[in-house]
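Quick notes on the structure that follows.
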Amino acid sequence: MKKKNVVFHIGMMKTATTYFQNIVSNNREALASQGWVYPGTRLNHQSEIYTLCGTDISWRTTEASSTPESDQFVRDLSDTNNNRLVSSEALANLTEQGIENLLSSISAPTSVIISMRPLTTIVPSAWQQSLKGGSKSTIEDYAERFIQSFEAREGSLYRTYAFGAAAQRWHNVAKASIKVIRIGSGDTWGAFRKACELPSVEVLEVPSARRNIALSVGVCEIVRRYNEKCQKNGTFDKRRLDTLISCFMEPPEVKLDEKKPTLPQKYLDTLERLEKAEWDTMSAIGVKVYNATTAKRVRMSLLKPK
76 MKKKNVVFHI GMMKTATTYF QNIVSNNREA LASQGWVYPG TRLNHQSEIY TLCGTDISWR
136 TTEASSTPES DQFVRDLSDT NNNRLVSSEA LANLTEQGIE NLLSSISAPT SVIISMRPLT
196 TIVPSAWQQS LKGGSKSTIE DYAERFIQSF EAREGSLYRT YAFGAAAQRW HNVAKASIKV
256 IRIGSGDTWG AFRKACELPS VEVLEVPSAR RNIALSVGVC EIVRRYNEKC QKNGTFDKRR
316 LDTLISCFME PPEVKLDEKK PTLPQKYLDT LERLEKAEWD TMSAIGVKVY NATTAKRVRM
376 SLLKPK
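In terms of my numbering, the sequence shown is numbered consecutively and its last residue is 381.
Quick look at the structure:
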């Protein structure tokens, strides 16, 4: 009998992961009928990975443990009669020791999928996400911290977004095939499906309320100042922040202006240099790269990021 696939989609964050997860979670039954298990009932497996990994994930303060959901997740991954797919961006954050700890309790992957976007677009998107979490940082402050983390090759931002380093860690420990999807315009789902070797399923339009909608410059500044004011007064409440943001994200969207946040020019060259270093790392371990524009696999030697 042919060995079944165990595919770990480990992000990176802000690389269409919610889009992929919506499609596969909405098609659990269709996938199961074709021999693929997407464990659980939630959109993704972040909660289960949080439980199993604990403080091996840099932003977690709770030690590893078990819950009925994580126990079921482990059992589902032990089902050798089916192919299995796991999707959690937190997996990209694990150190080599963290990966070893996790794989001591669950099935090791046969392939690891990393979706990525240029760092010059990741930083504005990640900054917006930090605002949604309560940050009061300007985009310039965030870019400075991001670059410092990458240049030091340490810290939560580096571990979360350094796609080459993540590929290297999983290559070293799991000995799995590493596949990378370059997110861009075009058939993004097609690239993901080919990389994972998934069967064809129906692709439904994701409701806007379930998408990570980008905020405009004006809305970002309102949210940032709201966070700053609340933290200064000691009145910050995440639920109130979520309510405020929903006013701008839910249809009909309130944009205030159409311009999306972009980085000042002075950061772009540095981020492109740091991104090239990540590609150099992946080239050294011979990853398979899928271009989301064409959904075709291309050899690493042919892919030369600008």
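Yeah, the Cβ is synthetic: ideal placement off N, Cα and C, and Gly gets one too.
#1: I'd like to check one pair, Arg103 with Tyr113: are the Cβ atoms closer than 7 Å?
#2: So for Val161, helix, strand or coil by DSSP?
#3: If you follow the beta strand (DSSP E) that Arg191 is in, where does it begin and where does it stop?
#4: Please report the residue range of the alpha helix (DSSP H) in which Ser205 lies.
#5: Are the CB atoms of Leu338 and Val198 within a distance shorter than 7 Å?
#6: Please state whether the Cβ-Cβ distance between Lys334 and Ala289 is less than 7 Å.
#7: Between the Cα of Leu152 and the Cα atoms of Asn247, Thr185 and Gly173, which residue gives the shortest distance?
#8: Please classify Glu164: is it buried, with 16 or more other beta-carbons within 10 angstroms of its beta-carbon, or exposed?
#9: Mind the definition here: the region 83-101 touches the region 126-138 only if three or more C-beta pairs lie below 8 Å; say whether that holds.
#10: Can you tell me the Cα-Cα spacing of Lys77 and Asn158, whole angstroms?
#11: Give me the DSSP bridge partner(s) of Arg257.
#12: Which residue from Tyr365, Asp154, Ile189 and Ala183 puts its Cα closest to that of Asn168?
#13: Measure the Cβ-Cβ separation of Ala270 and Tyr125 and say whether it is below 7 Å.
#14: Please classify Val329 as buried or exposed, where buried requires at least 16 other C-beta atoms within 10 Å of its C-beta.
#15: Using beta-carbon positions only, say whether Leu166 and Ile98 come within less than 7 Å of one another.
#16: Should Gln243 be labelled buried (16 or more other beta-carbon atoms within 10 Å of its own) or exposed?
#17: When the Cα atoms are used, what is the spatial distance from Trp111 to Leu273?
#18: Mind checking who Phe83 pairs with in its DSSP beta bridge?
#19: With distances taken Cα to Cα, identify the nearest neighbour of Ala218 among Ile320, Gln203 and Lys304.
#20: Measure the alpha-carbon distance for Thr170 versus Arg234 and round it to whole angstroms.
According to the data block:
#1: yes
#2: strand
#3: Here the sequence assigns Met to residue 191, which means Arg is not the residue at that position. Per DSSP, Met191 belongs to the beta strand (DSSP E) from Ser186 to Met191.
#4: Leu194 to Lys207
#5: yes
#6: no
#7: Thr185
#8: buried
#9: no
#10: 11 Å
#11: Met191 and Asn366
#12: Ile189
#13: no
#14: exposed
#15: no
#16: buried
#17: 8 Å
#18: Val161 and Val187
#19: Gln203
#20: 8 Å
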